[in-house]
Amino acid sequence: MLLTAGPALAAPPAAPYNFLSISEAGRNVVVSTSNSVSVSNGVSVQPVGDGITYVTVTPPSGQKFHVGAYQTLQTADDTRAGLDVVQHEWGCGQSNTAGTLNIGEVKYDGDGRLSAIAASYNYDCRGGLAGEVRWNSTIGYRTTSASTGELSWGGTENGQLSPAQRITLTGQGPQPTHFGAAALTGAQATSFQVTAEDCKGRDLGYGQTCFVEVAFRPKAKGAATATVELTNDTQAGRVVVSLRGEGFVPARGTYYPVTPTRILDTRNGGGTYGPGSVHNLQITGQAGLPASGVSAVVVNLTVVDPSAPSFITAYPKGIVRPQVSSLNFAAGWTGANSVTVPVGADGQISLYQHGGQAHVLVDVLGFYAGSNEVLATRGLGSDYLPVKVERLFDSREDLKRPVPGGYQVTVPVAYTDLTEHITALALSITAVDPTGPGYFTAWSGDGPRPQTSTLNFAAHHTVPNMAIVPTSNCAPQWSCLPTTRVTIHNFGSDAHMIVDIVGIYVDANLERGLRFNPVQPVRITDTREGLGAGQLGPQTITTIQAPPSVAGTNTIALSANVTAVNSTASTFLTLWPALNGDPARPTASNLNPAPGQTVAVATITEIGETNKFNVYHHAGWSHLLVDVNGTFEIPWYKTLAVKGGAGGRSVSAVPGRQAPALSGDRPQSVLAAG
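Going by the UniProt record's numbering, the sequence shown wraps up at 674, each residue one higher than the last.
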């Protein structure tokens, strides 16, 4: 028998019914059929205009159909009926393909020819085909159509919920179709979300509609696929719609190092900053930074020859000046501090200078992305990974003498599988007991030395500073393991140099690190006022709680400015996370104040499971200030099973320590002078 397709009917189908449905894994091809047929002992139903698609059913050899159930093969034999399903020219092509056939109605005319049939079938081919056949039947059927067989989303940021798309189901049969709940299935089902549905529990009559809305929230970069299934009481038992989306790793919170560049030097024009003055500084569009899409900038802030004790506060333009300090100094002191500053209105930051007159220098080191705008021109930035604090270089041990002025130290470092992905190092660099004034400059070692400073020192003072330093690959002439490296040059007097590593920045495509979240600068500890802790005494450990306004469930580290105020003795301070299991205090120090000194240093300080960190104070008494300007977070699209667990915190691998290389502008005989 051949049935040809007619146009869709405006009214519900009426008996006698002519109908064919084929469902492959819940994906329907539904055709209402009409027109004349030629009849043999079996029936072959073939819609018009749908390629070569047909369903053929025949009774067992030498028999006629009766109402009831049959086991089937592709070709009938003495005990089994014949069932063959071909869809869009694709069939199983195997005579032993099994299935089942349920005859609900069958009629033969006076000549013994088939005159009417109602049947449902299941066919074990291509994951399972199912459907119904009607010809001249008085038995109705249930069927629906879906407005689409697939929903797709283009590039969607990981962790972000896309706009929902709608699937509309329409009743097309003479009998209503009852729907259950929509369900998501497939390997990446958790990347999709049913945001609305009104089909559940509905009985959908002819022409009636219901809908399901689905959105995409990718959990990883690349393609994600799944299906949404709507169970029902048709022969197929469900309607299935494919889901496909493409996720990408967002730029927000990643770091982009730039070649250190000086964008402000008041000695070259503009004059000193006076008491109580506020100066706005354009950041975006300068020093290799993009014109937009920047959330925070990392700068080295230097004061030169101030006339009075004072401090400078760096903060985003457009907000009320926060009660924090970025750089503290005494009269006549020349020094620097690394500062991470959220960028404010028009891509600017504000600098407040509290007292006296002072020259100010600002060197740009890099920036954190605030949006995906930078992807088109810069690609994806870097995530931050805290590491076990390790000493990479100590001239007292590695050279047995100070680093001479005019010389530079190249420090290699390796972290197993991460080395080739490292873009910058978070370092604590310290000048120890210089013979006179000078400064260090840290950079990747590629190209000419930048005209910037990382830390400034005076004779016989120990001066630390934190620096985020771009890296370069191990020099080809070195016989070494694959390493990355930084170079630190000493401009000035001979000085011992210490380099400790506290973190690394790695390609964010690895999806292994933390993202920076800028916050309006806020003071969380001021022991002078009893905020957060009391005054620090000799050889004491003080535990400080980061408040909920700053640190949340996914916060792993704080970007902070830590200030020791009016220390009574030469001392040092060390910060480390207050973790369960009470890890040992690192041997490295963060801050080295002298008696009577008020001095600040930037830190990236890990916090423990309850958002606490420890501060060790070695000698005498000091007041402590802690000002937070941002946090490092588990990316919002990731799940942190246990905060403080090995999967979410610092890299435990010890860096591959190799001999640093010393080179310089002065004759080698200088080294022999020891």
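Idealized CB from N, CA, C, for every residue including glycine.
Burial state of V324 is buried, judged by a 10 Å Cβ sphere holding 16 or more other Cβ atoms. In this chain, R396 is not harboured by any beta strand (DSSP E); it is covered by the alpha helix (DSSP H) spanning 395-398. Looking from the CA of L243, the closest CA among G271, A189, Q539 belongs to A189.
With a cutoff of 8 Å on beta-carbon distance, N158 and G247 are scored as near each other. Beta bridge pairing from DSSP links W576 with N614. The beta carbon of G438 sits closer than 7 Å to the beta carbons of G405, F457, N490, F491, G492, S493, A495 from its chain, once the five residues preceding and following it are set aside; these are given in chain order. Distance from the CA atom of D109 to the CA atom of V67, rounded to whole angstroms, is 16 Å. Cβ-Cβ distances below 7 Å link G155 to E246, F248 in the same chain, with the five nearest sequence neighbours on each side left out; the list follows chain order.
Distances from the alpha-carbon of H460 to those of L301, T231, A594, S137 put A594 closest. In the three-state scheme derived from DSSP, where H, G and I count as helix and E and B as strand, H178 is classed as strand. Taking E606 as reference, the option from N580, W576, N592 with the minimal CA-CA separation is W576. Apart from the 5 residues on each side of it in sequence, D77 sits with its Cβ closer than 8 Å to the Cβ of P60, S61 in its chain, given in chain order. Here DSSP, grouped into helix, strand and coil, assigns S307 to coil.
Beta-bridge pairing by DSSP links A119 to I103, V133. Between G513 and L385, the C-beta gap is smaller than 8 Å, which places the two residues in contact. The beta carbon of C125 sits closer than 6 Å to those of C92, T97, all from its chain and outside the five residues before and after it, given in chain order. Inter-residue distance for R449 and S162 is about 46 Å (C-alpha atoms, whole angstroms). Proximity of the region 279-298 to the region 250-267 meets the contact definition, three or more beta-carbon pairs being nearer than 8 Å. A contact is defined here as three or more CB-CB pairs under 8 Å, and the region 353-369 meets this definition with respect to the region 258-266. Look at V324 here: in three-state DSSP terms it is coil, with no helix or strand label. Assignment of R528 by DSSP, reduced to helix, strand and coil, places it in the helix class.
Going by DSSP, R378 is part of the alpha helix (DSSP H) stretching over 375-378. Here the C-alpha atom of Y54 lies approximately 16 Å from the C-alpha atom of Q94.
By the criterion of at least three beta-carbon pairs nearer than 8 Å, the region 604-621 is in contact with the region 554-567.
The three-state reading of DSSP puts N372 in helix, counting H, G and I together. T148 and G366 have their C-alpha atoms spaced approximately 47 Å apart.
Collapsing the DSSP output to three states places S191 in a helix. Secondary structure at E420: helix, using DSSP grouped into helix, strand and coil. Nearest to L301 by alpha-carbon distance, out of A291, S307, T313, P309, is T313. Partner residues in a beta bridge of T452, as assigned by DSSP, do not exist.
E213 sits buried, since 16 or more C-beta atoms from the chains shown fall within 10 Å of its C-beta. Residue pairing by DSSP places T487 opposite T410, W443 in a beta bridge. According to the DSSP assignment, Y505 belongs to the beta strand (DSSP E) that extends over 496-507. Annotation for N561: the continuous beta strand (DSSP E) segment containing it runs 555-565. Taking C-beta separations shorter than 7 Å and ignoring five residues to either side along the sequence, the partners of D198 in its chain run C210, F211, following chain order.
The continuous beta strand (DSSP E) containing W153 extends over residues 150-157.
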